[in-house]
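>
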Amino acid sequence: MPLTTLLDVQRLRNSDLEVGIIQENAAAAPELAILPSRSIPGMNYRTTVISGQSGGGFRQANAGVALGKPTYEQRLVECFLYEHDVELDAAAQAASLGDSVADLETIELQQGALTVMQKAGRQIFYGTATDPLGFSGLKQFVPKTAVAGSSSFFVDATGSTANTASSVYAVRAGLKDVHVVFGGGTGLNFGEFIDQQLTDANGRKFMGRVCGLTAWIGLQIGSVNSVGRIGNLTTQTGKQCTDGLLAQLVSVFPVGAKPTHIFMSRRSAFQLAAARPKTVYFTPGVSNAPGGTMSTTDYTVADYLGIPIIVTDQILDTDAIE
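Each residue of the sequence shown is one higher than the last, beginning at 48 in our numbering.
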(Lines of atoms letter the chains of each structure in order from A and count residues from 1; the text may use other names and numbers.)
(Lines give C-alpha, C1' and ligand atoms only; values in the text may rest on other atoms or scores of the structure.)
Protein backbone atom coordinates (compact mmCIF):
# COMPACT_ATOMS: atom_id res chain seq x y z
CA MET A 1 0.00 0.00 0.00
CA PRO A 2 1.20 3.61 -0.61
CA LEU A 3 3.03 4.98 2.43
CA THR A 4 3.46 8.48 3.83
CA THR A 5 6.81 9.95 2.78
CA LEU A 6 9.31 12.29 4.47
CA LEU A 7 8.11 14.99 2.06
CA ASP A 8 4.63 14.59 3.55
CA VAL A 9 6.17 14.96 7.01
CA GLN A 10 7.89 18.19 5.94
CA ARG A 11 4.56 19.53 4.70
CA LEU A 12 3.10 18.82 8.13
CA ARG A 13 5.94 20.71 9.80
CA ASN A 14 5.30 23.73 7.60
CA SER A 15 1.60 23.84 8.54
CA ASP A 16 0.20 26.54 10.80
CA LEU A 17 -0.44 25.05 14.24
CA GLU A 18 -3.49 27.19 14.95
CA VAL A 19 -5.25 26.34 11.68
CA GLY A 20 -4.35 22.68 11.98
CA ILE A 21 -5.13 20.16 9.27
CA ILE A 22 -7.77 21.09 6.69
CA GLN A 23 -9.79 18.06 5.62
CA GLU A 24 -10.62 18.17 1.91
CA ASN A 25 -11.68 14.52 1.82
CA ALA A 26 -14.99 15.47 3.41
CA ALA A 27 -17.62 13.22 1.87
CA ALA A 28 -20.05 13.24 4.76
CA ALA A 29 -21.76 10.10 6.06
CA PRO A 30 -24.47 11.48 8.37
CA GLU A 31 -26.50 8.28 8.17
CA LEU A 32 -24.22 6.68 10.76
CA ALA A 33 -24.96 9.54 13.15
CA ILE A 34 -28.70 9.50 12.41
CA LEU A 35 -29.52 5.79 12.39
CA PRO A 36 -29.54 4.16 15.83
CA SER A 37 -26.88 1.54 16.46
CA ARG A 38 -26.17 -1.13 19.03
CA SER A 39 -23.59 -3.80 19.74
CA ILE A 40 -24.39 -7.49 20.13
CA PRO A 41 -22.30 -10.16 21.88
CA GLY A 42 -21.99 -12.41 18.83
CA MET A 43 -21.87 -11.88 15.09
CA ASN A 44 -25.52 -12.53 14.22
CA TYR A 45 -29.04 -12.91 15.60
CA ARG A 46 -32.51 -13.75 14.36
CA THR A 47 -35.62 -11.61 14.36
CA THR A 48 -39.16 -12.99 14.36
CA VAL A 49 -41.45 -11.22 11.91
CA ILE A 50 -45.23 -11.64 11.96
CA SER A 51 -47.31 -11.09 8.83
CA GLY A 52 -50.93 -11.81 8.01
CA GLN A 53 -53.92 -11.67 10.35
CA SER A 54 -55.92 -14.07 12.46
CA GLY A 55 -59.34 -15.05 11.09
CA GLY A 56 -62.57 -13.69 12.49
CA GLY A 57 -65.56 -11.56 11.68
CA PHE A 58 -69.24 -10.98 12.26
CA ARG A 59 -71.50 -14.01 11.89
CA GLN A 60 -75.10 -15.09 11.98
CA ALA A 61 -76.52 -17.55 14.46
CA ASN A 62 -75.55 -21.13 13.68
CA ALA A 63 -73.04 -19.96 11.08
CA GLY A 64 -69.30 -19.93 11.49
CA VAL A 65 -66.52 -17.60 10.41
CA ALA A 66 -63.44 -18.27 8.33
CA LEU A 67 -60.44 -19.25 10.40
CA GLY A 68 -56.96 -17.98 9.79
CA LYS A 69 -53.61 -17.48 11.45
CA PRO A 70 -50.70 -15.08 11.17
CA THR A 71 -47.43 -16.19 9.60
CA TYR A 72 -44.28 -16.29 11.71
CA GLU A 73 -40.89 -15.98 10.00
CA GLN A 74 -37.38 -15.82 11.38
CA ARG A 75 -34.85 -13.64 9.59
CA LEU A 76 -31.09 -13.65 10.06
CA VAL A 77 -29.19 -10.42 10.73
CA GLU A 78 -25.43 -10.81 10.27
CA CYS A 79 -22.38 -8.67 10.92
CA PHE A 80 -19.49 -8.65 8.46
CA LEU A 81 -15.83 -7.97 9.15
CA TYR A 82 -14.44 -4.64 7.99
CA GLU A 83 -10.70 -3.99 8.28
CA HIS A 84 -8.61 -0.94 7.51
CA ASP A 85 -4.85 -1.32 7.99
CA VAL A 86 -2.52 1.62 8.59
CA GLU A 87 1.16 1.22 7.68
CA LEU A 88 3.86 3.83 8.28
CA ASP A 89 7.59 3.92 7.71
CA ALA A 90 9.07 4.01 11.21
CA ALA A 91 11.49 6.73 10.07
CA ALA A 92 8.64 8.91 8.79
CA GLN A 93 6.74 8.48 12.06
CA ALA A 94 9.82 9.42 14.09
CA ALA A 95 10.40 12.49 11.92
CA SER A 96 6.80 13.64 12.48
CA LEU A 97 7.24 13.94 16.24
CA GLY A 98 7.94 17.37 17.68
CA ASP A 99 6.67 20.61 16.22
CA SER A 100 4.32 19.28 13.54
CA VAL A 101 0.54 19.68 13.68
CA ALA A 102 0.15 16.10 14.87
CA ASP A 103 2.14 12.92 14.65
CA LEU A 104 1.51 10.66 11.69
CA GLU A 105 0.00 7.85 13.74
CA THR A 106 -2.78 10.12 14.98
CA ILE A 107 -3.40 11.59 11.53
CA GLU A 108 -3.50 8.22 9.79
CA LEU A 109 -5.88 6.77 12.40
CA GLN A 110 -8.21 9.73 11.94
CA GLN A 111 -8.10 9.26 8.18
CA GLY A 112 -8.75 5.56 8.60
CA ALA A 113 -11.78 6.17 10.81
CA LEU A 114 -13.15 8.66 8.26
CA THR A 115 -12.74 6.09 5.50
CA VAL A 116 -14.54 3.43 7.53
CA MET A 117 -17.47 5.78 8.16
CA GLN A 118 -17.74 6.73 4.50
CA LYS A 119 -17.58 3.16 3.21
CA ALA A 120 -20.02 1.87 5.83
CA GLY A 121 -22.37 4.73 4.92
CA ARG A 122 -22.22 3.81 1.23
CA GLN A 123 -22.82 0.15 2.13
CA ILE A 124 -26.01 1.10 4.03
CA PHE A 125 -27.57 2.37 0.82
CA TYR A 126 -26.01 0.19 -1.88
CA GLY A 127 -25.18 -2.99 0.02
CA THR A 128 -23.27 -5.67 -1.84
CA ALA A 129 -23.16 -3.50 -4.97
CA THR A 130 -20.57 -1.47 -3.03
CA ASP A 131 -18.70 -4.40 -1.50
CA PRO A 132 -19.91 -7.98 -2.11
CA LEU A 133 -18.27 -9.10 1.15
CA GLY A 134 -20.43 -6.75 3.22
CA PHE A 135 -24.08 -6.58 4.24
CA SER A 136 -27.12 -5.97 2.03
CA GLY A 137 -28.35 -2.39 1.78
CA LEU A 138 -31.52 -0.36 1.54
CA LYS A 139 -31.61 -0.18 -2.27
CA GLN A 140 -31.48 -3.96 -2.53
CA PHE A 141 -34.37 -4.21 -0.07
CA VAL A 142 -36.57 -1.92 -2.22
CA PRO A 143 -36.14 -3.05 -5.84
CA LYS A 144 -38.22 -1.58 -8.63
CA THR A 145 -40.15 -4.83 -8.81
CA ALA A 146 -40.76 -6.32 -5.38
CA VAL A 147 -39.93 -9.95 -4.70
CA ALA A 148 -40.62 -12.13 -1.68
CA GLY A 149 -39.03 -10.63 1.42
CA SER A 150 -38.51 -7.18 -0.10
CA SER A 151 -40.41 -3.91 0.24
CA SER A 152 -42.91 -2.83 -2.41
CA PHE A 153 -42.67 0.83 -1.39
CA PHE A 154 -41.08 1.97 -4.67
CA VAL A 155 -41.98 5.17 -6.51
CA ASP A 156 -40.66 5.52 -10.07
CA ALA A 157 -39.59 9.02 -11.12
CA THR A 158 -39.26 7.57 -14.66
CA GLY A 159 -35.97 9.24 -15.53
CA SER A 160 -34.27 7.66 -18.54
CA THR A 161 -30.82 9.20 -19.02
CA ALA A 162 -28.26 6.44 -18.54
CA ASN A 163 -26.01 6.55 -15.49
CA THR A 164 -27.48 9.78 -14.10
CA ALA A 165 -30.06 8.28 -11.74
CA SER A 166 -30.35 8.80 -8.00
CA SER A 167 -32.66 7.58 -5.25
CA VAL A 168 -34.39 9.10 -2.25
CA TYR A 169 -34.96 6.84 0.75
CA ALA A 170 -37.72 7.08 3.34
CA VAL A 171 -36.55 5.15 6.40
CA ARG A 172 -38.23 4.16 9.61
CA ALA A 173 -35.32 4.12 12.08
CA GLY A 174 -35.57 2.16 15.29
CA LEU A 175 -34.85 -1.06 17.13
CA LYS A 176 -37.64 -2.95 15.35
CA ASP A 177 -37.00 -1.28 12.01
CA VAL A 178 -33.69 0.03 10.60
CA HIS A 179 -30.56 0.28 12.70
CA VAL A 180 -26.83 -0.42 12.49
CA VAL A 181 -25.46 -3.45 14.33
CA PHE A 182 -21.90 -3.92 15.61
CA GLY A 183 -20.84 -7.46 16.41
CA GLY A 184 -18.45 -8.77 19.01
CA GLY A 185 -19.77 -6.46 21.72
CA THR A 186 -17.76 -3.49 20.41
CA GLY A 187 -17.84 -0.79 17.75
CA LEU A 188 -14.87 0.40 15.73
CA ASN A 189 -11.74 -1.12 17.25
CA PHE A 190 -8.47 0.81 17.10
CA GLY A 191 -5.52 -1.48 17.64
CA GLU A 192 -2.17 -0.43 19.06
CA PHE A 193 0.60 0.54 16.67
CA ILE A 194 3.31 -2.12 16.67
CA ASP A 195 6.76 -2.37 15.11
CA GLN A 196 6.68 -4.60 12.06
CA GLN A 197 8.88 -5.24 9.05
CA LEU A 198 7.37 -3.92 5.81
CA THR A 199 8.22 -4.64 2.19
CA ASP A 200 8.62 -2.07 -0.59
CA ALA A 201 7.62 -2.50 -4.25
CA ASN A 202 10.98 -4.15 -4.99
CA GLY A 203 10.67 -6.71 -2.21
CA ARG A 204 13.15 -4.93 0.06
CA LYS A 205 12.53 -4.77 3.79
CA PHE A 206 12.33 -1.81 6.16
CA MET A 207 10.94 -1.23 9.63
CA GLY A 208 7.49 0.22 9.95
CA ARG A 209 4.65 0.98 12.34
CA VAL A 210 1.41 -0.93 11.74
CA CYS A 211 -2.09 -0.66 13.19
CA GLY A 212 -5.41 -2.21 12.26
CA LEU A 213 -8.90 -0.71 12.50
CA THR A 214 -11.56 -3.41 12.58
CA ALA A 215 -15.30 -3.64 13.06
CA TRP A 216 -18.03 -6.23 12.62
CA ILE A 217 -20.83 -4.25 10.96
CA GLY A 218 -24.35 -5.21 9.93
CA LEU A 219 -27.67 -3.59 9.08
CA GLN A 220 -31.08 -4.66 10.35
CA ILE A 221 -34.08 -3.85 8.15
CA GLY A 222 -36.94 -4.96 10.35
CA SER A 223 -39.81 -5.44 7.93
CA VAL A 224 -41.18 -4.58 4.50
CA ASN A 225 -42.71 -1.48 6.12
CA SER A 226 -39.33 -0.11 7.26
CA VAL A 227 -38.04 1.40 3.99
CA GLY A 228 -39.37 3.06 0.86
CA ARG A 229 -37.57 4.55 -2.14
CA ILE A 230 -37.99 6.92 -5.05
CA GLY A 231 -35.88 5.65 -7.93
CA ASN A 232 -34.80 6.87 -11.37
CA LEU A 233 -34.43 10.52 -10.38
CA THR A 234 -32.41 12.36 -13.03
CA THR A 235 -31.81 15.93 -14.22
CA GLN A 236 -34.47 15.62 -16.92
CA THR A 237 -37.43 17.97 -16.74
CA GLY A 238 -40.26 16.32 -14.84
CA LYS A 239 -37.98 13.56 -13.53
CA GLN A 240 -36.47 15.45 -10.61
CA CYS A 241 -37.09 15.31 -6.87
CA THR A 242 -40.27 17.17 -5.86
CA ASP A 243 -42.66 17.37 -2.95
CA GLY A 244 -45.18 15.53 -5.10
CA LEU A 245 -42.92 12.48 -5.31
CA LEU A 246 -42.18 12.69 -1.59
CA ALA A 247 -45.93 12.78 -0.90
CA GLN A 248 -46.40 9.70 -3.04
CA LEU A 249 -43.60 7.90 -1.21
CA VAL A 250 -44.77 8.75 2.29
CA SER A 251 -48.36 7.84 1.41
CA VAL A 252 -47.50 4.16 0.89
CA PHE A 253 -46.39 3.72 4.50
CA PRO A 254 -49.10 2.38 6.84
CA VAL A 255 -50.84 4.78 9.20
CA GLY A 256 -48.94 4.79 12.49
CA ALA A 257 -45.75 3.59 10.83
CA LYS A 258 -44.60 6.65 8.90
CA PRO A 259 -40.89 7.11 8.08
CA THR A 260 -38.74 8.91 10.62
CA HIS A 261 -36.13 10.23 8.15
CA ILE A 262 -35.69 10.92 4.44
CA PHE A 263 -32.22 10.54 2.91
CA MET A 264 -31.17 12.09 -0.40
CA SER A 265 -28.16 13.32 -2.36
CA ARG A 266 -27.12 16.95 -2.67
CA ARG A 267 -28.47 17.05 -6.22
CA SER A 268 -31.89 15.80 -5.13
CA ALA A 269 -31.92 18.30 -2.27
CA PHE A 270 -31.20 21.13 -4.70
CA GLN A 271 -33.91 19.93 -7.07
CA LEU A 272 -36.40 19.80 -4.21
CA ALA A 273 -35.45 23.27 -3.00
CA ALA A 274 -35.69 24.72 -6.50
CA ALA A 275 -39.12 23.16 -7.01
CA ARG A 276 -40.57 24.47 -3.76
CA PRO A 277 -42.57 27.71 -3.95
CA LYS A 278 -40.75 30.78 -2.73
CA THR A 279 -42.24 33.53 -0.58
CA VAL A 280 -41.19 37.11 -1.26
CA TYR A 281 -41.07 39.54 1.68
CA PHE A 282 -41.00 43.29 1.16
CA THR A 283 -39.11 45.35 3.71
CA PRO A 284 -41.55 46.64 6.38
CA GLY A 285 -42.67 50.17 5.63
CA VAL A 286 -41.42 50.07 2.05
CA SER A 287 -43.85 50.03 -0.84
CA ASN A 288 -43.85 47.02 -3.10
CA ALA A 289 -43.78 49.37 -6.05
CA PRO A 290 -40.93 48.99 -8.55
CA GLY A 291 -37.65 49.71 -6.82
CA GLY A 292 -38.88 48.52 -3.42
CA THR A 293 -36.50 46.47 -1.26
CA MET A 294 -37.32 42.80 -0.94
CA SER A 295 -35.84 39.46 0.00
CA THR A 296 -36.81 35.87 -0.69
CA THR A 297 -36.90 32.85 1.56
CA ASP A 298 -33.85 30.61 1.66
CA TYR A 299 -33.66 27.49 -0.43
CA THR A 300 -34.30 24.99 2.33
CA VAL A 301 -35.07 21.30 2.48
CA ALA A 302 -35.01 20.83 6.23
CA ASP A 303 -37.99 18.49 6.25
CA TYR A 304 -41.06 17.18 4.51
CA LEU A 305 -44.20 17.59 6.65
CA GLY A 306 -42.07 17.33 9.77
CA ILE A 307 -39.99 14.35 8.58
CA PRO A 308 -36.31 15.41 8.70
CA ILE A 309 -34.48 15.38 5.37
CA ILE A 310 -30.87 14.21 5.64
CA VAL A 311 -28.52 15.12 2.79
CA THR A 312 -25.65 12.69 2.33
CA ASP A 313 -22.74 12.25 -0.07
CA GLN A 314 -23.13 8.48 0.15
CA ILE A 315 -26.13 8.48 -2.20
CA LEU A 316 -24.84 8.79 -5.76
CA ASP A 317 -26.20 10.64 -8.80
CA THR A 318 -24.63 8.19 -11.24
CA ASP A 319 -26.79 5.10 -10.73
CA ALA A 320 -28.02 3.01 -13.64
CA ILE A 321 -31.62 3.39 -14.76
CA GLU A 322 -33.79 0.61 -13.35
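Built from N, CA and C at the ideal position, the CB exists for glycine as well.
Quick one: Cα of D366 to Cα of G285, how far?
Computed Cα separation, rounded: 18 Å.
> Is G255 helix, strand or coil when you go by DSSP?
Here G255 sits in strand by DSSP.
> In the DSSP assignment, what residue or residues form a beta bridge with V133?
V133 pairs with C258.
> First and last residue of the alpha helix (DSSP H) that includes V163?
151 to 173 is the extent of the alpha helix (DSSP H) around V163.
> Using the Cα positions of T307 and I354, report the straight-line distance between them to the nearest angstrom.
Distance between the alpha carbons of T307 and I354: 6 Å.
> Based on Cα-Cα distance, which residue from Q100, G111, L123, R276 lies nearest to G269?
Checking every option, the nearest Cα to that of G269 belongs to L123.
> Within 10 Å of its beta-carbon, does V202 have 16 or more other beta-carbons around it, so buried, or fewer, so exposed?
Buried is the call here.
> Only counting the same chain, and skipping five residues up and downstream in sequence, which positions put a Cβ closer than 8 Å to that of V96?
Cβ within range, chain order: Y119, E120, Q121, R122, G269, S270.
> Have a look at S143 and D150 and give me their C-alpha separation to the nearest angstrom.
Distance between the alpha carbons of S143 and D150: 5 Å.
> Look at V227 and L114 and say whether their C-beta atoms are less than 8 Å apart.
Contact: no.
> Nearest by alpha-carbon distance to S207: which of L82, T282, T289, S312 is it?
Residue T282 is the option with its Cα nearest to S207.
> Would you report the Cα separation of I356 and F240, rounded to the nearest angstrom?
About 40 Å.
> Who are the Cβ neighbours of D364 in its own chain at under 6 Å, not counting the five residues just before and after it?
These residues qualify, in order along the chain: S213, S312, R314.
> Only counting the same chain, and skipping five residues up and downstream in sequence, which positions put a Cβ closer than 7 Å to that of F188?
Closer than 7 Å at the Cβ level, and outside the excluded window around F188, lie S197, S198, I268, V274.
> With the cut-off set at 8 Å, would you say F200 and F300 are in Cβ contact?
Cβ distance < 8 Å, so F200 and F300 count as in contact.
> Cα separation between Y92 and L266?
In a straight line, the C-alpha of Y92 is about 11 Å away from that of L266.
> Tell me where the alpha helix (DSSP H) around V297 begins and ends.
Its alpha helix (DSSP H) spans residues 290 to 298.
> Which one of E130, T153, D132 has the shortest CA to CA distance from A141?
The shortest Cα separation from A141 among E130, T153, D132 belongs to T153.
> Would you report the Cα separation of K166 and S101, rounded to the nearest angstrom?
Between K166 and S101, the C-alpha separation is close to 43 Å.
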